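Peer 1: I am attaching a structure below and will ask some questions about it afterwards.
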Amino acid sequence: MAFVAIADRDHEHALHDPQSFIRKYIWSQDHKVIAIQYALVATAIGLVALTMSVLMRLQLGFPDTFNIIAPQEYYQYITMHGMIMVIYLLTALFLGGFGNYLIPLMLGSRDMVFPYMNMLSFWFYLLAVLVLVAGFFVPGGPTGAGWTLYPPQAVLPGTPGATWGIICMLASLAIFIVAFTMGGLNYVTTVLQARCRGMTFMRMPLSVWGIFMASILGLLAFPALFVSAIMMTLDSVIGTSFFMPAVASMGEKTVHTGGSPLLFQHLFWFFGHPEVYIVALPAFGIVSDLLSTHARRNIFGYRMMVWAILAIGCLSFVVWAHHMYVSGMNPYFGFFFATTTLIIAVPTAIKVYNWVLTIWRGDVHLTVPMLFAIGFIFTFINGGLTGLFLGNVTVDVPLSGTYFVVAHFHMVMGVSPILVVFGAIYHWYPKITGRMFDEALGKFHFWMTFIGAYAIFLPMHYMGILGVPRRYYGYSDAIQFIPPSVHEANEWISISAMIVAATQLVFLYNLIHSYFRGPVADGNPWRATTLEWQTPQTPPKHGNWGKDLPEVHRWAYDYSVPGAPEDFIPQNVPHSEKTPVGREHGVPT
Amino acid sequence: MSHEPATLEPGFRGVTADWSADKQAFPVPWGKAMMWIFLLSDTFIFSCFLTSYMNVRMSTTDPWPNTAEVFALTVGGHHIPLLLIAIMTMVLITSSGTMAMAVNFGYRRDRKRTAQLMFATAALGLCFVGMQAFEWTKLIVDEGVRPWGNPLGAAQFGSSFFMITGFHGLHVTGGVIYLTVVAWRVLSGFYDRKGTYETVEVAGLYWHFVDLVWVFIFAFFYLW
Chain G
0 MAFVAIADRD
10 HEHALHDPQS
20 FIRKYIWSQD
30 HKVIAIQYAL
40 VATAIGLVAL
50 TMSVLMRLQL
60 GFPDTFNIIA
70 PQEYYQYITM
80 HGMIMVIYLL
90 TALFLGGFGN
100 YLIPLMLGSR
110 DMVFPYMNML
120 SFWFYLLAVL
130 VLVAGFFVPG
140 GPTGAGWTLY
150 PPQAVLPGTP
160 GATWGIICML
170 ASLAIFIVAF
180 TMGGLNYVTT
190 VLQARCRGMT
200 FMRMPLSVWG
210 IFMASILGLL
220 AFPALFVSAI
230 MMTLDSVIGT
240 SFFMPAVASM
250 GEKTVHTGGS
260 PLLFQHLFWF
270 FGHPEVYIVA
280 LPAFGIVSDL
290 LSTHARRNIF
300 GYRMMVWAIL
310 AIGCLSFVVW
320 AHHMYVSGMN
330 PYFGFFFATT
340 TLIIAVPTAI
350 KVYNWVLTIW
360 RGDVHLTVPM
370 LFAIGFIFTF
380 INGGLTGLFL
390 GNVTVDVPLS
400 GTYFVVAHFH
410 MVMGVSPILV
420 VFGAIYHWYP
430 KITGRMFDEA
440 LGKFHFWMTF
450 IGAYAIFLPM
460 HYMGILGVPR
470 RYYGYSDAIQ
480 FIPPSVHEAN
490 EWISISAMIV
500 AATQLVFLYN
510 LIHSYFRGPV
520 ADGNPWRATT
530 LEWQTPQTPP
540 KHGNWGKDLP
550 EVHRWAYDYS
560 VPGAPEDFIP
570 QNVPHSEKTP
580 VGREHGVPT
Chain S
0 MSHEPATLEP
10 GFRGVTADWS
20 ADKQAFPVPW
30 GKAMMWIFLL
40 SDTFIFSCFL
50 TSYMNVRMST
60 TDPWPNTAEV
70 FALTVGGHHI
80 PLLLIAIMTM
90 VLITSSGTMA
100 MAVNFGYRRD
110 RKRTAQLMFA
120 TAALGLCFVG
130 MQAFEWTKLI
140 VDEGVRPWGN
150 PLGAAQFGSS
160 FFMITGFHGL
170 HVTGGVIYLT
180 VVAWRVLSGF
190 YDRKGTYETV
200 EVAGLYWHFV
210 DLVWVFIFAF
220 FYLW
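Chain order of the listed sequences is G and S. If you're matching positions, the first sequence starts at 0 in numbering that gives the first Met the number 0 and goes up one per residue. If you're matching positions, the second sequence starts at 0 in numbering that gives the first Met the number 0 and goes up one per residue.
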């Protein structure tokens with residue numbers, strides 16, 4: 000049993016080809032169906048969060064005009080928008096969606112190692128989303144504690160949703176973590192144990208590397224959120240004092256005594272910072288593959304890219320308190336966490352250089368996925384550089400709590416990953432559906448989204464440097480230091496945001512319309528090397544590979560190998576005179 | 000299985016090349032690999048619980064009750080500190096022993112012995128949970144300790160105690176159910192037909208982990 004390639008343990012995957020509609024598409028154990036289920040639910044709840052952001056922008060851009068949001072509801076909007084986008088959209092889409100779809104296909108396996116658990120993972124995720132949505136309908140509405148849910152205010156009267164809303168939020172998070180754990184264990188074990196013959200770790204596409212590391216981060220970071228959710232539930236429901244100090248609320252002393260609000264912040268950010276990389280690492284990986292494929296050039300510095308992913312993953316656990324410079328923690332901590340924060344910029348910068356060097360002198364095809372990938376490089380550099388400002392204590396203190404922070408994190412972990420999500424959806428759409436999307440609409444979608452993102456978030460940097468505080472319902476003229484230009488910027492941002500939001504409808508239309516009416520796609524329309532494009536059928540059938548599992552003979556990046564008849568050699572093509580060894584071992588060609 | 004000839008590169012590069020070859024990264028069944036990874040994740044959960052407990056113990060301004068006194072029993076006129084906890088710890092560690100023996104007999108495909116020892120392990124686990132119930136009752140009824148406060152001192156004493164031992168107790172209870180199911184399957188010959196007893200070992204991993212966590216709870220909560 001020891002040292003057996005998975006190709007020789009194929010019998011262990013007892014494949015019962017489900018026939019009935021329900022077993023095939025509802026209670027499905029097929030990783031591809033589960034991936035699509037995850038993606039659909041994530042998109043649906045993401046649209047809710049998108050709508051909320053549009054309503055918030057209406058309020059901020061045109062105060063006293065629309066009055067859709069009451070002042071006391073504004074915090075509920077920012078809270079739910081942030082939490083949904085970070086957890087229920089991006090995390091679920093990258094790991095539950097792309098992780099599920101790509102890992103077995105890219106590694107040449109038939110499915111995840113434990114398909115039943117994989118199915119349960121989705122249903123728990125759906126339950127988590129339903130509990131989250133239930134929060135909108137309970138008395139008092141959803142929690143308005145901010146997506147960071149800081150106590151004491153999260154559970155004290157005066158904060159919207161401090162009784163029922165916060166409980167729904169915490170319960171939903173706990174269920175989400177259970178769901179993620181079942182999925183994440185599957186992803187990690189599949190990568191470790193179920194690669195096909197010839198698929199060494201150093202031949203894995205970087206997409207899989209990114210998702211693999213992100214899953215490990217999730218398994219080690221979500222426990223902190225799980226524990227803090229339990230403790231905050233106890234504080235709120237039965238009046239324990241883990242996080243609650245002795246405070247007076249509404250003129251009366253509460254039942255709480257002696258708890259530590261800082262403890263929550265530490266636990267939350269011990270989860271929260273790796274969470275940034277849970278979203279970013281899959282994006283890093285996927286964008287590497289998009290750039291390489293559409294520039295017809297091998298990824299620059301593959302080994303360095305892998306080590307950078309591992310280094311970022313490890314370092315992401317020792318930077319968390321850079322979110323807490325103004326929390327009142329021991330100031331000496333700031334020195335340590337600023338240092339580690341700057342160190343984590345090194346592997347990240349290596350990745351950026353390697354992406355740029357990958358397309359340098361490549362045969363760049365400006366396809367829709369490629370446009371999104373290049374757009375990502377811009378927004379990520381932008382968001383990364385402002386991160387260097389905020390990572391330094393002395394610069395952060397005046398900037399924290401302003402729109403500069405909003406601009407930074409939206410650029411680096413909102414816009415950047417979502418651009419990769421779009422690029423990835425366009426890239427794999429022909430494989431998933433067997434149809435081609437409308438290229439012109441895709442390009443329209445890209446340019447509107449990309450330029451729109453800058454139109455929205457670039458002015459926010461300026462507002463932040465002026466000191467405009469974030470999380471405000473409105474900025475009356477009584478606030479003296481806010482110049483009229485800020486009000487104009489707010490109008491501009493709001494109009495841009497609405498245009499960008501409307502553009503997403505074009506994207507959805509493109510996906511739905513092409514699914515029924517798009518031209519039938521070739522099995523490998525991008526002429527890509529990785530295994531998912533070499534399946535016998537498109538879209539791949541249950542079991543992915545037909546009778547025999549594929550065998551891998553080369554790395555994932557044999558593009559434009561001199562001497563080869565075509566400008567790509569798939570991973571499962573053996574070495575021969577016509578299909579020579581590429582640059583896998585660093586041999587210059 | 001690799002198609003390239005095995006090259007033994009020296010140094011770090013050789014280690015990574017070997018470990019990342021086209022084989023299972025760990026030469027164990029999938030279920031066992033997954034259980035190890037899950038336990039790593041679970042370790043983080045208990046670490047967070049224990050770290051939080053230490054943190055609130057430091058942050059509270061009220062005095063912390065003397066655990067040796069709180070968890071003392073009076074037996075036959077003798078006042079013995081931590082007596083019940085000592086017995087509970089003994090029971091749990093004994094159950095780890097019976098579990099290890101069950102795994103051993105599982106390797107030998109001794110259906111009956113394996114099942115017997117697993118049922119014994121589950122029974123010891125049940126015994127542990129029962130004593131925990133006794134301990135909780137004593138604290139709640141006799142001493143008036145509640146999660147939100149107690150007459151002995153810091154409110155966080157009760158909160159941490161009930162939360163951490165409760166979460167651990169749930170793990171033990173889940174383990175008892177898990178072990179019973181697996182033992183039942185062993186007895187019914189399910190694993191003989193499947194051709195492998197690996198599930199016994201996977202269940203054993205979980206059980207040993209739950210024991211190990213108890214040692215840390217014992218050290219950090221009761222002895223400190």
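C-beta atoms are modelled at their ideal positions from N, C-alpha and C, and glycine is treated no differently. Note that the structure is a prediction, hence the values are computed from the model and not measured.
Count the other CB atoms within 10 Å of the CB of W208(G); is the residue buried (16 or more) or exposed (fewer)?
Peer 2: Against the first sequence, residue 208(G) aligns to sequence position 209. Buried, because 16 or more other Cβ atoms sit within 10 Å of the Cβ of W208(G).
Peer 1: Compare the C-alpha of L290(G) against each of T366(G), F175(G) and V499(G) and name the closest.
Peer 2: For the purposes of this step, residue 290(G) is taken as residue 291 along the first sequence, with counting starting at 1. The option with the nearest alpha carbon to L290(G) is T366(G).
Peer 1: My understanding is that T142(G) touches G157(G), with C-beta atoms under 8 Å, so please give their C-beta distance in whole angstroms.
Peer 2: Your numbering for residue 142(G) matches position 143 in the first sequence. Your numbering for residue 157(G) matches position 158 in the first sequence. Not really, about 13 Å apart at Cβ, beyond 8 Å.
Peer 1: Since T73(S) is in the beta strand (DSSP E), which residue starts that stretch and which ends it?
Peer 2: Your numbering for residue 73(S) matches position 74 in the second sequence. Start and end: L72 to V74.
Peer 1: If you run the structure through DSSP and keep just helix, strand and coil, what is V275(G)?
Peer 2: As a working mapping, residue 275(G) is identified with position 276 in the first sequence. Helix at V275(G).
Peer 1: Report the residue from D210(S), M117(S) and R145(S) whose alpha carbon sits nearest the alpha carbon of R184(S).
Peer 2: Translated into the one-based positions of the second sequence, residue 184(S) becomes position 185. Measuring from the Cα of R184(S), the nearest candidate turns out to be M117(S).
Peer 1: Does DSSP put R302(G) in a helix, a strand or coil?
Peer 2: Start at 1 with the first residue of the first sequence, and residue 302(G) comes out as number 303. Residue state, collapsed to three classes: helix.
Peer 1: What does a CB cutoff of less than 6 Å around S252(S) pick up in its chain, not counting 5 residues either side in sequence?
Peer 2: Summary: the structure shown does not reach residue 252(S), with chain S confined to residues 0 through 223, and so no result is reported for it.
Peer 1: Where I163(S) and A170(G) are concerned, what is the direct C-alpha to C-alpha distance, given to the nearest angstrom?
Peer 2: Taking the second sequence and counting its residues from 1, one reaches residue 163(S) at position 164. Taking the first sequence and counting its residues from 1, one reaches residue 170(G) at position 171. Roughly 19 Å separates the two Cα atoms.
Peer 1: Does any residue of chain S have a CB that is nearer than 9 Å to the CB of H265(G)?
Peer 2: Residue 265(G) sits at position 266 when you count from the first residue of the first sequence. For H265(G), the answer is yes, since a Cβ of chain S falls inside 9 Å of its Cβ.
Peer 1: Does DSSP put A133(G) in a helix, a strand or coil?
Peer 2: Against the first sequence, residue 133(G) aligns to sequence position 134. Helix at A133(G).
Peer 1: Between the stretch 170-186 of chain S and the stretch 150-158 of chain S, can you find at least three pairs of beta-carbon atoms closer than 8 Å?
Peer 2: Judged by Cβ distances under 8 Å, the stretch 150-158 of chain S makes no contact with the stretch 170-186 of chain S, as fewer than three pairs qualify.
Peer 1: Relative to chain S, which residues along the stretch 201-224 of chain G have a C-beta separation below 7 Å, given in chain order?
Peer 2: Under the 7 Å Cβ criterion, the stretch 201-224 of chain G contributes M201, L218, L219, P222 and A223.
Peer 1: Taking Cβ positions only, does L280(G) come closer than 9 Å to chain S?
Peer 2: One-based indexing of the first sequence puts residue 280(G) at position 281. False, the Cβ-Cβ gap to chain S never drops below 9 Å.
Peer 1: Any beta carbon from chain G within less than 9 Å of A202(S)'s own beta carbon?
Peer 2: Numbered from 1 along the second sequence, position 203 holds the residue referred to as residue 202(S). Answer no: the Cβ-Cβ gap between A202(S) and chain G never drops below 9 Å.
Peer 1: Can you say whether N489(G) is buried or exposed, counting buried as having 16 or more other CB atoms within 10 angstroms of its CB?
Peer 2: On the first sequence, residue 489(G) is found 490 positions in, with the first residue counted as 1. By the neighbour-count rule (16 or more Cβ atoms within 10 Å), N489(G) is buried.
Peer 1: Give the residues from the stretch 5-19 of chain S that approach chain G closer than 9 Å (Cβ to any Cβ), ordered along the chain.
Peer 2: Correct list: T15, A16, W18 and S19.
Peer 1: Less than 6 Å between C-beta atoms, sequence neighbours within five positions excluded: which residues of the same chain meet that for F241(G)?
Peer 2: Stepping through the first sequence from its first residue, residue 241(G) is reached at position 242. So the qualifying residues of the chain are M230, D234 and G258.
Peer 1: Could you work out which residues of chain G lie near W147(S), taking near to mean beta carbons separated by less than 8 Å?
Peer 2: For the purposes of this step, residue 147(S) is identified with residue 148 of the second sequence, where counting begins at 1. What W147(S) touches in chain G: I237, G238, T239, S240 and V254.
Peer 1: With DSSP run on the structure shown, which of helix, strand or coil describes I79(S)?
Peer 2: Residue mapping note: residue 79(S) aligns to position 80 of the second sequence, counting from 1. In this structure, I79(S) counts as strand in the three-state DSSP scheme.
Peer 1: Does the Cβ of N66(G) have 16 or more other Cβ atoms within 10 Å, making it buried, or fewer, making it exposed?
Peer 2: The count along the first sequence starts at 1 and reaches residue 66(G) at position 67. Exposed.
Peer 1: Comparing the C-beta of P62(G) with each C-beta of chain S, is any distance below 9 Å?
Peer 2: Against the first sequence, residue 62(G) aligns to sequence position 63. P62(G) does not count as touching chain S.
Peer 1: For K252(G), count the other beta carbons within 10 Å of its own beta carbon; 16 or more makes it buried, fewer makes it exposed. Which is it?
Peer 2: The sequence position of residue 252(G) within the first sequence is 253, counting from 1. With fewer than 16 Cβ atoms within 10 Å of its Cβ, K252(G) is classed as exposed.
Peer 1: List the residues of chain G that I36(S) touches, going by C-beta distances under 9 Å, in chain order.
Peer 2: Within the second sequence, the letter at position 37 stands for residue 36(S). Residues of chain G passing the Cβ test: G183, L184, V187, T188, L191, I215 and L218.
Peer 1: Give me the residue from G76(S), S187(S) and F133(S) with the minimum Cα distance to Q115(S).
Peer 2: Here residue 115(S) refers to the residue found at position 116 of the second sequence. Checked all of G76(S), S187(S) and F133(S); the closest Cα to Q115(S) is S187(S).
Peer 1: Could you list the residues in the stretch 41-60 of chain S with a C-beta less than 7 Å from some C-beta on chain G, going in chain order?
Peer 2: So the close ones are F43, I44, C47, F48, S51, N54, V55, S58, T59 and T60.
Peer 1: Mind pulling the chain S residues with CB within less than 9 Å of R582(G)?
Peer 2: In the first sequence, the residue the question calls residue 582(G) occupies position 583. Residues of chain S passing the Cβ test: none, with the nearest at roughly 16 Å.
Peer 1: Interface residues of chain S around S493(G) at Cβ under 8 Å?
Peer 2: For this step, residue 493(G) is matched to residue 494 along the first sequence. Going along chain S, no residue has its Cβ under 8 Å from S493(G), so there is no contact; the nearest lies around 41 Å.
Peer 1: Assign G441(G) to buried or exposed, taking buried as 16 or more other Cβ atoms, counted over all protein chains shown, within 10 Å of its Cβ.
Peer 2: Position 442 of the first sequence, counting from 1, holds the residue named residue 441(G). The residue is buried, with at least 16 neighbouring Cβ atoms inside 10 Å.
Peer 1: For D109(S) and chain G, any beta-carbon pair shorter than 9 Å?
Peer 2: Working through the second sequence from its first residue, we reach residue 109(S) at position 110. So no, D109(S) is outside the interface.
Peer 1: Checking contacts by CB at 9 Å: is G30(S) closer than that to chain G?
Peer 2: In the second sequence, counting from the first residue as 1, residue 30(S) sits at position 31. Yes, G30(S) counts as interfacial toward chain G.
Peer 1: For E251(G), which three-state DSSP category applies?
Peer 2: Taking the first residue of the first sequence as position 1, residue 251(G) is located at position 252. Here E251(G) sits in strand by DSSP.
Peer 1: Put F65(G) into one of helix, strand or coil per three-state DSSP.
Peer 2: Locating residue 65(G) in the first sequence gives position 66, where the first residue counts as 1. The answer is coil: DSSP assigns F65(G) none of H, G, I, E or B.
Peer 1: Taking only beta-carbon positions, decide if L39(S) is within less than 9 Å of chain G.
Peer 2: As a working mapping, residue 39(S) is identified with position 40 in the second sequence. Chain G, which has a Cβ nearer than 9 Å to the Cβ of L39(S), makes this yes.
Peer 1: Please confirm whether R194(G) has its beta-carbon closer than 9 Å to some beta-carbon of chain S.
Peer 2: Here the question's residue 194(G) lines up with position 195 in the first sequence. Yes, contact with chain S.
Peer 1: Can you give me, in chain order, the residues of the stretch 105-116 of chain G that have a beta carbon less than 8 Å from any beta carbon in chain S?
Peer 2: Listed by position along the chain: V112 and F113.
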